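According to full-length UniProt numbering, the sequence shown holds residues 1 to 727 in order. Note that the Cβ used here is the ideal one computed from N, Cα and C, for glycine as well. On a predicted model such as this, the values are computed, not experimentally measured, just so you know.
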Amino acid sequence: MEYVEPVVGIANCLGTPVCKYLQYHRKINDYVRNFKRMRDELNCKMEDIELQLKAELLRPLGKIPKKGVENWLKDVKEMIREAQVVENKVRNGRYLCRACNGKLVDEKSREMKGFLDKAPNASEGLAIDGPSAGLPLPTSELVGEEAVRNEIWACLMQEEMSNIGVWGMGGVGKTTIMKHIHNDLLKQQRFERVIWVTISKEFNVKKVQDDIAGALELKNWPREGDKLRRAAILSEMLNNEGKHVLILDDVWDKVSLEEVGIPKPSGSNGCKLVLTTRSEHVCKYMGCKVIKVKPLSEEEALILFLNKVGPNIVQSPTIMPTLKLVVKECAGLPLTIVVVAGTLKGEDNPLIWKNALGELKERIGKVEGVEAEVIERLKFSFDHLKDKQAKHCFLYCTVYPEDFEIDMDELIECWIEEGFIDDMGTRKEMKDKGHVILKKLEYNCLLENVSSDEMKMHDAVRDMALSITRMNPRYMIQAGLQLEELPKKEQWSPDVEKVSLMHNSISKISIDLLPTKCQLLTTLLLQHNPIKKIPYSFFTNMPCLSVLNLSFTKIESLPNSISELKNLTTLLLRGCYKLKDLPCLSMLQELKKLDLSMTNIEEVPEGIDMLIKLRYLDLENMFTLKGIPAGLLPKLVHLQHLCLGVEKEKISLKAEEMEPLKKLECLTGCFEDINEFNKFISSMQQNKKNLIKYNLVVGKLYIHSTRDKRLTIGGVHNWAVLGGVEG
Numbered sequence: 001m002e003y004v005e006p007v008v009g010i011a012n013c014l015g016t017p018v019c020k021y022l023q024y025h026r027k028i029n030d031y032v033r034n035f036k037r038m039r040d041e042l043n044c045k046m047e048d049i050e051l052q053l054k055a056e057l058l059r060p061l062g063k064i065p066k067k068g069v070e071n072w073l074k075d076v077k078e079m080i081r082e083a084q085v086v087e088n089k090v091r092n093g094r095y096l097c098r099a100c101n102g103k104l105v106d107e108k109s110r111e112m113k114g115f116l117d118k119a120p121n122a123s124e125g126l127a128i129d130g131p132s133a134g135l136p137l138p139t140s141e142l143v144g145e146e147a148v149r150n151e152i153w154a155c156l157m158q159e160e161m162s163n164i165g166v167w168g169m170g171g172v173g174k175t176t177i178m179k180h181i182h183n184d185l186l187k188q189q190r191f192e193r194v195i196w197v198t199i200s201k202e203f204n205v206k207k208v209q210d211d212i213a214g215a216l217e218l219k220n221w222p223r224e225g226d227k228l229r230r231a232a233i234l235s236e237m238l239n240n241e242g243k244h245v246l247i248l249d250d251v252w253d254k255v256s257l258e259e260v261g262i263p264k265p266s267g268s269n270g271c272k273l274v275l276t277t278r279s280e281h282v283c284k285y286m287g288c289k290v291i292k293v294k295p296l297s298e299e300e301a302l303i304l305f306l307n308k309v310g311p312n313i314v315q316s317p318t319i320m321p322t323l324k325l326v327v328k329e330c331a332g333l334p335l336t337i338v339v340v341a342g343t344l345k346g347e348d349n350p351l352i353w354k355n356a357l358g359e360l361k362e363r364i365g366k367v368e369g370v371e372a373e374v375i376e377r378l379k380f381s382f383d384h385l386k387d388k389q390a391k392h393c394f395l396y397c398t399v400y401p402e403d404f405e406i407d408m409d410e411l412i413e414c415w416i417e418e419g420f421i422d423d424m425g426t427r428k429e430m431k432d433k434g435h436v437i438l439k440k441l442e443y444n445c446l447l448e449n450v451s452s453d454e455m456k457m458h459d460a461v462r463d464m465a466l467s468i469t470r471m472n473p474r475y476m477i478q479a480g481l482q483l484e485e486l487p488k489k490e491q492w493s494p495d496v497e498k499v500s501l502m503h504n505s506i507s508k509i510s511i512d513l514l515p516t517k518c519q520l521l522t523t524l525l526l527q528h529n530p531i532k533k534i535p536y537s538f539f540t541n542m543p544c545l546s547v548l549n550l551s552f553t554k555i556e557s558l559p560n561s562i563s564e565l566k567n568l569t570t571l572l573l574r575g576c577y578k579l580k581d582l583p584c585l586s587m588l589q590e591l592k593k594l595d596l597s598m599t600n601i602e603e604v605p606e607g608i609d610m611l612i613k614l615r616y617l618d619l620e621n622m623f624t625l626k627g628i629p630a631g632l633l634p635k636l637v638h639l640q641h642l643c644l645g646v647e648k649e650k651i652s653l654k655a656e657e658m659e660p661l662k663k664l665e666c667l668t669g670c671f672e673d674i675n676e677f678n679k680f681i682s683s684m685q686q687n688k689k690n691l692i693k694y695n696l697v698v699g700k701l702y703i704h705s706t707r708d709k710r711l712t713i714g715g716v717h718n719w720a721v722l723g724g725v726e727g
C-alpha cells in the first residue's frame, strides 16, 4: 500500500482513471512490445514507399511525387524521430514513471497505427506527370502585339528556322511577348525543353552556364572550375535533351555559343535559339531571322492605358480628350504606358491631367534620342511620387545588380538599416511601413512582383533610376559587373555616400586602389565577393561609415581599424565561414545590428557588452561558438531581434537573463529545461510583452529544424502559447 497514495496522485495529475493507470503500470512491457512492433511496421512501410517512388521517378522522365505522398513521408520521418525520443525516455525511466511511460508508448503506438492506416496506396501510383518541358513564367497582360507574336511563333514552327532575333527599343514589350510564347510552348509540348535565361548588360559566361544548368536541373554540376570544361559538360547535356528552345533575354552584345557550351541550333537537331535585344546588329551577327517589335498603335496604346488607369477615369468626358493626348506622349511603349497610367491612376481632376500632359511634353522636348525620351517618361512617374521616403527607398533598389530578384524582407531590412523608415515603437511597425512603401512602388509600376516574396526592377526602370543617381554623385553602383578589383581611385567621388560593389569577383583589395577620401561615405556593400583580406588602412578614410555588408565573403579576419568606425550602425558578416574572430567592438557605440550567423567565430567578440544600442543580434548556425558569457544578454536591453540558434545545448537561454529584454519581438533559441521556459513565460506575462515571431527548443536534444511560432519540447513539436500569442 506504500505506493497507492502517490499512484492516485499521479493518476489524477495525468487525468487518467486509477484502474487504467494501474494497467499502464503493470503491463508496460506489453505496451512497449506493441510500440516497437508498430514502429518497425511503420519504418518498413516508409522504406517500401520510398523505394517504389524512386522507381516510378526513374522510369518516365518528368514525373513528380504526389503531394500527399510527399507529405506522408515527411510526417512519418518526423514520427519515427519522435518514437526514438520516446524509446530513449522509457529506457531511462524510473520505477514510479512506469505508468506515465506506459501511457506515452500507448499513445504513440496509436499515432503510428494512424499513419499506417493512411499510408499511400502504392497500386494507384505514387507519382504524377510533372511539367517536363519547364515551368510557366509569370506574365503581365499583353495588349496588341498579335502580329509580331504570330510571326515569332511561325518561325519557331518552321524546321529550317533555327535562330530568331527579337529586337526593339527598351520598354517596347520584347520580354513580355517572349514570356507568353515561352508558356505557350510549354502547353503545346512540341519541344522537350523550353529554357529561359536572362543575360543582362554585363555578359557573364559562368552565370549563363549556371543558369542553363539550373534550368536543366543538372545534378553534380561543377559550380566552380574551368569555363571550357563546364562548356563541354553543358553542351553534352543540351544535346541529350533532344529538341529544345533556348531563349536568351536581354542580350546587349554578341554571344559566343561555343564559349558557353550551347550546341549550334539546326534543322537536323530540331533546336531553336531565340534572343531578345535592343540591337538589330546583334541579331544579324548571331545569324538570326530578324523580327522587330514595334510600338503599339494608337488604339492599342489607348486600350492598355485605360485598362491600367481605372474605370472612374474612363467614364469622365472632361478628362478623356487630355487622356488621349497623354497616351500619345507615351509613344506606344507598353512600359511607359503602364508606368504613366499607374502614376495617374484614380486622379479625377482635369487640371492634374492637363498639368501632366504639359510636363510630359516639356520633358521629352528637352532631350534627344529615343532611349533618353523613354527615361524622361519614366522619370515623370518617379517625380510624381508624393512620398519623399518612397523615393529614397526606390532609388536604393539600384544597389542590386540588373535583373536581380530582390527578396522583399531583405529589402525592407536594408531600408531600416539606412534610416529610410523612421524609428518607430517596434520593429514590426517599421516592417509594416516597409510593406506599405513596397505596395506604393508596385502600385506606381516602378517595381514588379516576381513571386510572393520577391520584387524586380524592369531594366529600363533601373536605367531611369541610375540616371537619377548619376546626376547626384552620392551613389556609386557597380554591382554584378564581374569586377575583379576595386574601382580606380578617381572613380571614388569625394561626395559619394553609398557604394554598391556586391555580387562581383573581387578577391583582393589592393592598397594602390584604396580611395584617399571618403569623408561622407555611409554605406559600403561588398557582399558576395571572394574577398580574403582587408588592409588596415581601408577603413581609416571612412569616418561616417554607417552600414557595412561583408556577408558571404571569404575574409578570415577584420582589420583593427574597424573598431574606429564610431558611426557604424550595421555590421553584416553572415556566411563568412572562414571568419574566426573579430577585433574589439567596444567603441562601436552606435551599432544597432550585428549579424555573425554562419561564421566560425569561437568566442563572443570582446566589447559586445558595451553595445547598449544593439537591437538586432544574430548568432545562428555558429557551430564553433563556445557559449554566451553569463551576464551579457541583460546588458543589451534594447534587443528586438535575438537569434542564438537551436542547434547547441551550450548556448541555452536563461529566464533570469532574458527578463530585462522587454523589447524583444523575435527570438530563436534553446531553453535547457521546462522550468527555465516556464520562468520565461511567466516573466513575459508579467511584463505584458508578446513575441511576434519565435522558434524555440526546450530540452537537450539536437533539433534539425523548426518553424516560426513553433516550440519543441524534448524533440517533439508542440504548438505553443507565448505571452498570449498563439503559434
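Using a threshold of 8 angstroms, state whether the C-beta atoms of Leu-360 and Glu-329 are closer than that.
-> Here residue 360 corresponds to residue number 360 of the sequence shown, with the count starting at 1. Here residue 329 corresponds to residue number 329 of the sequence shown, with the count starting at 1. Yes. Within cutoff.
Given Lys-108 as reference, the closest of Val-166, Phe-35, Met-178, Glu-70 once Cα atoms are compared | Here residue 108 is taken as the residue at index 108 of the sequence shown, counted from 1. Among Val-166, Phe-35, Met-178, Glu-70, the Cα nearest to that of Lys-108 is on Phe-35.
Between which two residues does the alpha helix (DSSP H) harbouring Glu-448 extend?
-> The count along the sequence shown starts at 1 and reaches residue 448 at position 448. Not the alpha helix (DSSP H): Glu-448 falls in the beta strand (DSSP E), residues 448-451.
Compare the Cα-Cα distances from residue 752 to each of Met-471, Glu-657, Thr-624, Cys-544 and report the closest residue.
-> Not covered by the structure: residue 752. The range shown for the chain is 1 to 727.
Please state whether DSSP places Leu-667 in a helix, a strand or coil.
-> On the sequence shown, residue 667 is found 667 positions in, with the first residue counted as 1. Note: Leu-667 maps to strand in three-state DSSP.
DSSP state of Asn-549 mapped onto helix, strand, coil | Residue 549 sits at position 549 when you count from the first residue of the sequence shown. Looking at Asn-549 - three-state DSSP - the assignment turns out to be strand.
Residues in its own chain within less than 8 angstroms of Lys-440 by CB, not counting five upstream and five downstream?
-> As a working note, residue 440 is residue 440 in the sequence shown. Hits under 8 angstroms: Leu-385, Asp-387, Ala-390.
Just tell me which of Lys-354, Glu-405, Pro-334, Cys-271 has its CA closest to the CA of Asn-163.
-> Numbered from its first residue, the sequence shown carries residue 163 at position 163. Measuring from the Cα of Asn-163, the nearest candidate turns out to be Cys-271.
Pro-350 versus Leu-357: straight-line alpha-carbon distance, rounded = Working through the sequence shown from its first residue, we reach residue 350 at position 350. Working through the sequence shown from its first residue, we reach residue 357 at position 357. Using only the alpha carbons, I get a separation of about 11 angstroms.
Check whether Glu-56 and Gly-125 have beta carbons under 8 angstroms apart = Here the question's residue 56 lines up with position 56 in the sequence shown. Here the question's residue 125 lines up with position 125 in the sequence shown. Yes. Within cutoff.
So what does Cys-643 bridge to, in DSSP terms?
-> Stepping through the sequence shown from its first residue, residue 643 is reached at position 643. Answer is Asp-618, Thr-668.
Would you report the Cα separation of Trp-252 and Ile-437, rounded to the nearest angstrom?
-> By one-based count along the sequence shown, residue 252 stands at place 252. By one-based count along the sequence shown, residue 437 stands at place 437. Taking the straight line from one Cα to the other gives about 32 angstroms.
Out of curiosity, what's the CA-to-CA distance linking Leu-565 and Phe-539?
-> Translated into the one-based positions of the sequence shown, residue 565 becomes position 565. Translated into the one-based positions of the sequence shown, residue 539 becomes position 539. C-alpha separation (whole angstroms): 8 angstroms.
Give me the Cα-Cα distance between Pro-295 and Ile-412, rounded to the nearest whole angstrom.
-> For this step, residue 295 is matched to residue 295 along the sequence shown. For this step, residue 412 is matched to residue 412 along the sequence shown. For Pro-295 and Ile-412, the distance between alpha carbons rounds to 36 angstroms.
For the 8 angstroms Cβ check, are there 3 or more pairs between the stretch 500-511 and the stretch 408-423?
-> no
Would you decide whether Asp-191 is buried or exposed? Buried here means 16 or more other CB atoms lie within 10 Å of its CB.
-> Counting from 1 along the sequence shown, the entry for residue 191 is found at position 191. The residue asked about is misnamed: residue 191 is Phe in this sequence, not Asp. Burial of Phe-191 is indicated by the presence of at least 16 other C-beta atoms within 10 angstroms of its C-beta.
Whole-number beta carbon distance between Gly-173 and Pro-334, since they are thought to touch under 8 angstroms = Translated into positions along the sequence shown, residue 334 becomes position 334. Translated into positions along the sequence shown, residue 173 becomes position 173. Contact flag correct, Cβ pair sits at about 4 angstroms.
Say whether the stretch 107-123 touches the stretch 141-155, bearing in mind that this needs 3 or more beta-carbon pairs closer than 8 angstroms, one atom from each stretch.
-> no
Are the stretch 281-289 and the stretch 208-226 touching, with three or more C-beta to C-beta distances below 8 angstroms?
-> no
Report the three-state DSSP secondary structure of His-435 (helix, strand or coil).
-> Taking the first residue of the sequence shown as 1, we reach residue 435 at position 435. His-435 falls in the helix class under three-state DSSP.
If you count every other CB in all the chains shown that lies within 10 Å of the CB of Glu-373, and 16 or more means buried, which is it?
-> As a first step, residue 373 is located in the sequence shown; it is residue number 373 there, counting from the start. Buried: at least 16 other Cβ atoms inside 10 Å.
Return yes when the Cβ of Gln-527 is within less than 8 angstroms of the Cβ of Asn-549, no when it is not.
-> Along the sequence shown, one-based indexing puts residue 549 at 549. Along the sequence shown, one-based indexing puts residue 527 at 527. Taking 8 angstroms as the Cβ cut-off, Asn-549 and Gln-527 qualify as a contacting pair.
Exposure label - Met-424; buried when at least 16 CB within 10 Å = Within the sequence shown, residue 424 is the residue found at index 424, counting from 1. Under this definition Met-424 is an exposed residue.
4-residue-minimum alpha helix (DSSP H) runs that sit fully inside the stretch 148-185, ordered along the chain = none
Name the residue from Met-178, Met-157, Pro-120, Met-161 whose alpha carbon lies nearest to the alpha carbon of Ser-140.
-> Here residue 140 corresponds to residue number 140 of the sequence shown, with the count starting at 1. It is Met-178 whose Cα lies nearest to the Cα of Ser-140.
Using DSSP with H/G/I as helix, E/B as strand and the rest coil, what is Pro-629?
-> To locate residue 629, count along the sequence shown from 1; it is residue 629. In the structure shown, Pro-629 sits in coil (DSSP, three-state: anything other than H, G, I, E or B).
C-alpha gap between Ser-561 and Leu-632, whole angstroms | Looking up residue 561 in the sequence shown gives position 561. Looking up residue 632 in the sequence shown gives position 632. Distance between the alpha carbons of Ser-561 and Leu-632: 24 angstroms.
Would you list the residues sitting across from Ala-127 in a DSSP beta bridge?
-> Position 127 of the sequence shown, counting from 1, holds the residue named residue 127. Answer by DSSP bridge pairing, in chain order: Pro-65.
Kindly indicate which three-state DSSP category His-638 falls into: helix, strand or coil?
-> To locate residue 638, count along the sequence shown from 1; it is residue 638. Correct three-state label for His-638: coil.
So, Thr-277 versus Gly-346, is the Cβ gap smaller than 8 angstroms?
-> Stepping through the sequence shown from its first residue, residue 277 is reached at position 277. Stepping through the sequence shown from its first residue, residue 346 is reached at position 346. No. Outside cutoff.
State the Cα-Cα distance for the pair Val-86 and Glu-606, rounded to the nearest angstrom.
-> The residue you call residue 86 lines up with position 86 of the sequence shown. The residue you call residue 606 lines up with position 606 of the sequence shown. Val-86 and Glu-606: Cα-Cα distance of roughly 42 angstroms.
Is any heavy atom of the ligand FAD found at a distance shorter than 7 angstroms from the C-beta of Arg-33?
-> This structure lacks the ligand FAD, and indeed carries no ligand of any kind.
Does the distance from the C-beta atom of Leu-42 to that of Leu-116 stay below 8 angstroms?
-> Within the sequence shown, numbered from 1, the residue matching residue 42 stands at position 42. Within the sequence shown, numbered from 1, the residue matching residue 116 stands at position 116. In this structure, Leu-42 sits near Leu-116, with a CB-CB distance shorter than 8 angstroms.
Helix, strand or coil at Lys-289 [DSSP, three-state] | Looking up residue 289 in the sequence shown gives position 289. The answer is strand: DSSP assigns Lys-289 an E or B state.
Would you mind working out which of Tyr-24, Asp-75, Asn-29 sits nearest Met-46, comparing C-alpha positions?
-> Taking the first residue of the sequence shown as position 1, residue 46 is located at position 46. The option with the nearest alpha carbon to Met-46 is Asp-75.
Report all residues from its chain with a CB closer than 6 angstroms to the CB of Ile-692; omit the five preceding and five following residues, and keep chain order.
-> Residue 692 sits at position 692 when you count from the first residue of the sequence shown. Answer for Ile-692: Lys-428, Glu-665, listed in chain order.
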